[in-house]
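Inspection log for the structure reproduced underneath, given as structure tokens.
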Amino acid sequence: MSNKLIWFRNDLRTSDHQGLHQCATSKHPVIGIYCLDVKLFQANALGFRNSGQARLNFLIESIANLKSELQKLGSDLLIYQSPAHLAIPKVCNALSIDEVFWQELSGPEEETDARLVQTELKKTNIKVNTYWDSTLASLSQMPFSLEQLPDLFTTFKNRVEPNLSPALPLPKPSHLIGIPHQIPQADLPLNKDEIRENWYHLKGGEEEALLRLKAYTWESNAIQQYKVTRNGLIGKDYSSKLSPYLAIGCISARKVYAEIKEYERLVKSNDSTYWLIYELLWRDYFKWVLVKYGSKLFQINGLQNKPHPWNNDKATFEKWRSGNTGQPFIDANMRELLHTGFMSNRGRQNVASYLCKDLGINWLWGAAWFESQLIDYDPSSNYGNWAYQAGVGNDARNDRKFNPVKQAEQYDPNNDYVSFWLNQ
Ligand SMILES: Cc1cc2nc3c(=O)[nH]c(=O)nc-3n(C[C@H](O)[C@H](O)[C@H](O)COP(=O)(O)OP(=O)(O)OC[C@H]3O[C@@H](n4cnc5c(N)ncnc54)[C@H](O)[C@@H]3O)c2cc1C
């Protein structure tokens, strides 16, 4: 018998989990570890916390749910508030671990975290087992190499889509052999007073992710109207609201894909069911963009290395951030984000365009505010979309700018959305 450790990162689930599946089928004792990043609680150079309370709450609920799911299966999750390269070697030593599994992630900070863990484990005989697990298709399933990744999404989609065949989701293990332990762990910093329900009552965790997927498909059939409703601003069902779960891996993209395909087979297949898969391809695309370009995606000149005289005026940025620009549609969206940790895709495009193209403010500041607030924050989707809106990313139409007055007329014709948020 040899003991295995799974380092959970953005894969807070027990179903369709490569590492867990391997340990369960080989019947090796296994335990999980999660290292809560202290940077989340710290303020950034702009003066606000790297993670706002809504995002933190969602993450903490998800970690707590993973712990309880692992316990139900016979194992456990050890939780630390210290860097992985310090916590993992200690746990390995205490529990005689001989192999550590983890999901590869592509952001520069995430890669550094993994490299530091590797360096520590190299000093021992402990094996490392890593895998890529966060996209529909793997790199080897794509019709081009990473270097040849198209710089336009449409080219990517047209080449990937015809043979898209994601692996079937792996089943949830029916049982795990745990590792008895008495290791002291961190309490999750869930301060009840600070909990603010997100607007859509989205609660973190794998269980909730599966419920949300079921509700959007089989129960409400809202998926059948997705293509028509996806530009909505009010309510839970105008879009899937799966992004917070996908971002931290409470559910896999493959599982969502498989469920949509099953729904198409048994209930209905139309433009709308197709369009949700199309959006998942956007998600995949930005993941690969980050793998290809690495830290460039987080630099002011972006993927195109395009200098621009960005304005670094803090007062103007503060007005945007707090929803006080004086432009009602922009302010309504920014207040929704501030109060709930969520904003529709329509809103995100508008407020990003407004910050970059109307106010001319440093787009990295806007991206940092989203990073702090969004419960679905994902480095590749956030910085990929921001760079796109700022005209320094993967955009064929660099000079495109949203007109918030016209957008409000089209998407909020009765002023319901704006008046709701401006009167809060
Ligand atoms: C400036 C800006 C920043 C953004 N930041 C993020 C972010 O940090 N995290 C994030 O998940 N999405 C981000 N998006 C993309 C998009 O707005 C959200 O994915 C979507 O609004 C989430 O709601 P939903 O799950 O109901 O999406 P749905 O419309 O139901 O779409 C289903 C899924 O497809 C994926 N998806 C949809 N649109 C996009 C897109 N444009 N780019 C990448 N994936 C997409 C998401 O995983 C989403 O959950 C951003 C968009 C903009 C314009």
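So the sequence shown is numbered by this note's numbering: it starts at 2 and just counts up by one.
Just so it is clear, CB atoms sit at the ideal spot from N, CA and C, and this is done for glycine as well.
query: Endpoints, beta strand (DSSP E) assigned at residue 102; result: 98-104
query: Member of 405, 112, 201 whose CA lies at the smallest distance from the CA of residue 333; result: 405
query: CA nearest to the CA of residue 16, picked from 70, 4, 49; result: 70
query: Close Cβ partners of residue 269 (< 6 Å) along its chain, the five nearest in sequence each way excluded; result: 225
query: Nearest neighbour of residue 244, chosen from 346, 101, 150, 107 [CA to CA]; result: 346
query: Heavy atom of ligand 1 within 7 Å of residue 226 beta-carbon; result: no
query: Closer than 7 Å: residue 9 CB and nearest ligand 1 heavy atom; result: no
query: Helix, strand or coil at residue 254 according to DSSP, with G and I counted as helix; result: helix
query: Boundaries (first-last residue) of the alpha helix (DSSP H) holding residue 24; result: 19-27
query: Supposed contact pair residue 235 and residue 29 - C-beta distance, whole angstroms, cut 8 Å; result: No, residue 29 and residue 235 are not in contact; Cβ-Cβ is about 49 Å, not under 8 Å.
query: Reduced DSSP category for residue 325 - H, G, I as helix; E, B as strand; rest coil; result: coil
query: Residue 326, buried or exposed, once every other Cβ within 10 Å from all chains shown has been counted against 16; result: buried
query: Pairwise C-alpha distance: residue 27 and residue 320; result: 56 Å
query: Bridge-paired residues (DSSP) for residue 50; result: 44
query: Three-state secondary structure assigned by DSSP to residue 129; result: strand
query: Sheet register partners of residue 35 (DSSP bridge); result: 80
query: Own chain residues within Cβ distance below 7 Å of residue 382, not counting five before or after; result: 284, 287
query: Test item: CB-CB of residue 13 and residue 63 under 8 Å; result: yes
query: The beta strand (DSSP E) enclosing residue 4, as first and last residue numbers; result: 4-8
query: DSSP bridge partner residues for residue 312 (one or two, in chain order); result: 362
query: CB of residue 257 within 8 Å of CB of residue 291, strictly; result: no
query: Residue 383: CB within 7 Å of a non-hydrogen atom of ligand 1; result: yes
query: Segment limits, alpha helix (DSSP H) that includes residue 14; result: Careful: residue 14 lies outside any alpha helix (DSSP H) and carries neither H nor E.
query: Spatial distance of residue 343 from residue 31 (CA atoms); result: 36 Å
query: Assigned secondary structure, residue 187 (DSSP; H/G/I helix, E/B strand, else coil); result: coil
query: Chain-order list of residues whose beta-carbon lies under 6 Å from that of residue 379 (same chain, five-residue window excluded); result: 248
query: N-terminal and C-terminal residue of the alpha helix (DSSP H) that residue 348 is part of; result: 346-354
query: Buried versus exposed, by CB contacts within 10 Å (16 or more), residue 351; result: buried
query: Three-way DSSP call (helix, strand, coil) for residue 378 in this model; result: coil
query: Pair within 8 Å by beta-carbon distance, residue 7 and residue 154; result: no
query: Proximity test, residue 214 beta-carbon vs ligand 1 heavy atom, cut-off 7 Å; result: no
query: Pairwise C-alpha distance: residue 392 and residue 106; result: 26 Å
query: Residue 194, DSSP secondary structure in three states; result: With a pLDDT of 48 at residue 194, under the threshold of 50, the modelled position of that residue is not reliable, and the figure given next carries that caveat. Looking at residue 194 - three-state DSSP - the assignment turns out to be helix.
query: Beta-carbon separation (whole angstroms), residue 237 vs residue 264, contact threshold 8 Å; result: Contact flag wrong, Cβ pair sits at about 18 Å.
query: Heavy atom of ligand 1 within 7 Å of residue 404 beta-carbon; result: no
query: Per-residue DSSP class, three states only, for residue 218; result: helix
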